[in-house]
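Oh and the sequence shown: position 31 is 89 in my numbering, straight run, nothing missing. This report concerns only the one structure given below.
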Amino acid sequence: MNLNNTIEHWLTGAQKSLSPANRPFVTLSYAQSLDGSIALRSSEPMALSGSESLRLTHQLRSMHDGILVGIGTVLSDDPQLNVRHWTGSNPQPIVLDSQLRMPSDARLRQCTEKPCWILTTQESEWPNQDGIEICQSQPGSDGRVCLKNALALLYEKGIRHLMVEGGAHVITAFLKAQLVDAVVITLVPRIVGGYKAVGDLEINARVDLPAINPFHSERLGDDLILWGTLDYRKGAE
């Protein structure tokens with residue numbers, strides 16, 4: 059069994075056995091350098107994945123009902139969030155955009171198959187047209203979209219399996235809220251010294267650190283793929 063099939067088999071099993079109640083199963087997937095960087099600077103995109111690991115990323119996209127990024131990723135990368143390097147269905151594109159900063163010319167607004175869902179705290183007068191659908195959600199204490207409320211809303215709208223790709227603020231927020239069920243991380247043999255994928259989780263003791271358990275790794279082309287399910291129990295090894 060090759061690595062693509064191995065990860066597909068593992069993820070399908072995890073989605074079935076670890077299905078949380080009243081929210082989607084969340085898979086966190088991104089590429090980083092050996093020093094944990096995802097870009098040189100926060101506003102500058104950087105393609106890190108090799109061709110084989112890029113195919114794996116698009117395979118993972120095809121296994122999820124929805125794919126979510128933050129507005130920062132839209133503004134810096136202008137992604138399409140569809141399946142191009144693998145044969146499969148496109149997931150529903152979703153953007154966390156508390157202040158409705160989605161550009162009118164963003165590529166996500168050009169998709170006629172599935173209008174992009176915008177998760178926001180704003181009471182918008184935008185009509186649900188021009189490639190978007192506004193999904194208002196209650197804010198958290200920081201004024202941003204509350205992730206728990208947002209996931210409950212996505213569940214109501216039929217999203218059972220959600221892939222989260224970034225950027226760093228979104229990755230950190232999902233981990234901090236303990237809302238990540240599984241991770242698939244591409245580790246690229248480069249040292250960037252740039253913008254890190256994970257910020258401060260406000261964890262002060264080793265016993266409180268989430269663990270990837272069980273943990274798997276295998277080389278794919280020049281990259282190393284790390285995957286497993288998240289265990290938030292104190293003292294998990």
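Idealized CB from N, CA, C, for every residue including glycine.
Residue range of the alpha helix (DSSP H) that includes G216: Counting along the chain, G216 falls outside any alpha helix (DSSP H), and DSSP gives it neither H nor E.
heavy atom of the ligand MN below 6 Å from V256 C-beta: Among the components modelled here there is no ligand, and therefore nothing to report on the ligand MN.
C-beta contact flag for G224 and T287 at 7 Å: Their beta carbons are not under 7 Å apart, which means G224 does not touch T287 by this criterion.
Length of the line joining the Cα atoms of L69 and V256: Roughly 22 Å separates the two Cα atoms.
Neighbourhood of D281 by C-beta, 8 Å cutoff - its chain only, sequence neighbours within 5 removed: Excluding sequence neighbours, D281 sits near A89, S107, G108, E110, S111, T244, L245, V246, P247.
Which of helix, strand or coil DSSP assigns to G286: Three-state DSSP puts G286 in a strand.
Local Cβ density within 10 Å of V251, reported as buried at 16 or more and exposed below that: For clarity, residue 251 is Gly in the given sequence; the question names Val instead. By the neighbour-count rule (16 or more Cβ atoms within 10 Å), G251 is not buried but exposed.
Short Cβ contact (7 Å threshold) for S91 with L118: Not a contact, by the Cβ cut-off of 7 Å.
Residue(s) in a DSSP beta bridge with T85: The partner list for T85 (beta bridge, DSSP) reads M221, A240.
Cβ-based burial, P82 [other Cβ within 10 Å; buried from 16]: A residue is called buried once 16 or more other Cβ atoms fall within 10 Å of its Cβ, and P82 is buried on that count.
Helix, strand or coil at L154 according to DSSP, with G and I counted as helix: Reduced to three states, the DSSP call for L154 is strand.
T70, enclosing alpha helix (DSSP H) - first and last residue: 61-75 is the span of the alpha helix (DSSP H), which, as asked, contains T70.
As assigned by DSSP and simplified to three states, the class of T145: Of the three classes helix, strand and coil, the one that applies to T145 here is coil, per DSSP.
Closest residue to I176 among V222, D188, S100, Q194 (Cα-Cα distance): Ranking the options by Cα distance to I176, first place goes to Q194.
For V203 and L133, believed in contact at Cβ under 8 Å, the rounded distance: The Cβ separation is near 16 Å, so there is no contact.
Rounded C-alpha distance that separates Q138 from G128: When only Cα atoms are considered, Q138 and G128 end up about 13 Å apart.
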